[in-house]
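Our numbering puts the first residue of the sequence shown at 15, with every later residue one more than the last.
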Amino acid sequence: MGTVAEHLHAAEERGLAEICFTEHLDFYPSADGLFFSTIPTEGRLLAYLEEVREAQQHARIVVRAGLEVDYKPEAERWVGELLNRVGFDFLLGSVHNVGTWPVSGPAELALAYFQEKGAEQGCLDYLEIVERAVAADLFDSVAHLDLMKRFRPENGELMKRGRLRDQIVAILDVMAANGTGIEVNAAGLVHDPREAYPSLYLLKLARDRGVEVLTVGSDSHQPETIGRNLEAALSLARTAGFAHVYTFDQRALTPHPL
Ligand SMILES: [Zn+2]
Numbered sequence: 015m016g017t018v019a020e021h022l023h024a025a026e027e028r029g030l031a032e033i034c035f036t037e038h039l040d041f042y043p044s045a046d047g048l049f050f051s052t053i054p055t056e057g058r059l060l061a062y063l064e065e066v067r068e069a070q071q072h073a074r075i076v077v078r079a080g081l082e083v084d085y086k087p088e089a090e091r092w093v094g095e096l097l098n099r100v101g102f103d104f105l106l107g108s109v110h111n112v113g114t115w116p117v118s119g120p121a122e123l124a125l126a127y128f129q130e131k132g133a134e135q136g137c138l139d140y141l142e143i144v145e146r147a148v149a150a151d152l153f154d155s156v157a158h159l160d161l162m163k164r165f166r167p168e169n170g171e172l173m174k175r176g177r178l179r180d181q182i183v184a185i186l187d188v189m190a191a192n193g194t195g196i197e198v199n200a201a202g203l204v205h206d207p208r209e210a211y212p213s214l215y216l217l218k219l220a221r222d223r224g225v226e227v228l229t230v231g232s233d234s235h236q237p238e239t240i241g242r243n244l245e246a247a248l249s250l251a252r253t254a255g256f257a258h259v260y261t262f263d264q265r266a267l268t269p270h271p272l
């Protein structure tokens, strides 16, 4: 919520050097079982891009236009073609739904999903879609890798062992091989898990498996919380062994020492 100008103003007030907007490109499951009921049109995406480019003209800080793309296997080709036509600076890949289950919220539905599938299987099904997202090689960075702990913090522990850890290692190996980055998302610090997405454990694992590129985001969704806990996210990345945080301009990356 809030306009581009309001977010930019808040970022300047907070003393940030740069802001990259990552508006959502979402696919919400709908009650009638049709998946793609609320895709923003290409016209809307172009208008958003134009609004951010325009904001740069009057800004005191660097302003970039990104997109958080909700990955759905069924829409992979459509999204790939769209992203080729519309030139964003940064593409953040994410998974919010498993089939018709909206697992990133609302909480009742996310919890019903785990009730139906079981915690471990529910996490595994989610992570298998993340692996496909990463293998599609469309994105610069992967958002909130262990989001499955959001409404069920115990899942955070499950992901540190057994089949779920193996699945995460498989994802990280693809990321290391194709150069996809990992996002430290600070919103988890104010959600129930009270730790960033992903956990320090998984960030260290990412580093061990050879993931080099790291990005940070506050996932704030409103001007009042722009940049919230970014220092904590950067410090976590440093502790995990990352040497740089990266920013993007027309998909080209720049490292900044941590
Ligand atoms: Zn997200």
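Ideal Cβ positions, reconstructed from N, Cα and C, are used throughout, including at glycine.
Segment limits, alpha helix (DSSP H) that includes Thr268: Thr268 -> not in any alpha helix (DSSP H); beta strand (DSSP E) instead, spanning 266-271.
Which word fits Pro207, buried or exposed, when buried means at least 16 other C-beta atoms lie within 10 angstroms of its C-beta? buried
Is it buried or exposed, Ala257, if we count other Cβ atoms within 10 angstroms and call 16 or more buried? exposed
Could you pull the start and end residues of the alpha helix (DSSP H) that Ser249 belongs to? For Ser249, the enclosing alpha helix (DSSP H) begins and ends at 244-254.
State whether the stretch 100-111 contacts the stretch 123-139, with contact taken as three or more CB pairs (one from each stretch) at a distance under 8 Å. no
What are the complete beta strand (DSSP E) segments, minimum 3 residues, inside the stretch 178-251? 195-199, 228-231
Does the count of Cβ pairs from the stretch 53-65 and the stretch 231-251 closer than 8 Å reach three? Output reads no: the stretch 231-251 does not touch the stretch 53-65.
On the three-pair Cβ rule with 8 Å, is the stretch 174-181 touching the stretch 225-239? no
In the DSSP assignment, find the beta strand (DSSP E) that holds Ile33 and state where it starts and stops. 32-39
Taking the alpha carbon of Asp151 as the reference point, which residue from Asp84, Pro116, Gly193 has its own alpha carbon closest? Check the Cα spacing between Asp151 and each of Asp84, Pro116, Gly193: the tightest is with Gly193.
Touch test, the stretch 73-80 against the stretch 112-125, Cβ-Cβ under 8 Å, three pairs minimum: no
Say the cut is 6 Å; is the CB of Ala157 nearer than that to a heavy atom of ligand 1? yes
Thinking C-beta only, is Met173 closer than 7 Å to Val225? no
Under a Cβ-count criterion, where at least 16 other Cβ atoms within 10 Å of its own Cβ denotes burial, should Met162 be classed as buried or exposed? buried
Please classify His258: does DSSP put it in a helix, a strand, or coil? strand
How far does the alpha helix (DSSP H) with Glu26 in it extend, from its first residue to its last? Here the alpha helix (DSSP H) through Glu26 covers 18-27.
Taking the alpha carbon of Asn199 as the reference point, which residue from Ala25, Glu171, Phe165, Val230 has its own alpha carbon closest? Val230
Closer than 6 Å to a non-hydrogen atom of ligand 1 - does that hold for the CB of Ser232? no
Measuring alpha carbon to alpha carbon, tell me which residue in Ala149, Tyr140, Leu214, Ala191 is nearest Glu171. Selection Ala149, Tyr140, Leu214, Ala191 evaluated against Glu171 yields Leu214 as nearest (Cα-Cα).
Around the C-beta of Leu81, are 16 or more other C-beta atoms found within 10 angstroms, so that it is buried, or is it exposed? buried
Heavy atom of ligand 1 within 6 Å of Ser249 beta-carbon: No - ligand 1 has no heavy atom lying nearer than 6 Å to the Cβ of Ser249.
Let me know if His158 comes out buried or exposed under the rule of 16 or more other beta-carbons within 10 Å of its beta-carbon. buried
Please classify His270: is it buried, with 16 or more other beta-carbons within 10 angstroms of its beta-carbon, or exposed? exposed
Which one of Gly101, Leu141, Leu219 has the shortest CA to CA distance from Asp263? Considering only alpha carbons, the answer is Gly101.
Rounded straight-line distance, which links the Cα of Gly29 to that of Leu48: Bear in mind that a pLDDT of 46 at Leu48, under 50, signals an unreliable position, so the number given afterwards is only what the model happens to contain. Going from the Cα of Leu48 to the Cα of Gly29 covers about 44 Å.
Enumerate in chain order the residues of its own chain whose CB-to-CB distance from Pro54 is below 7 Å, with the five nearest sequence positions on each side excluded. Leu39
Is Ser108 near ligand 1 - that is, is its Cβ less than 6 Å away from at least one heavy atom of it? yes
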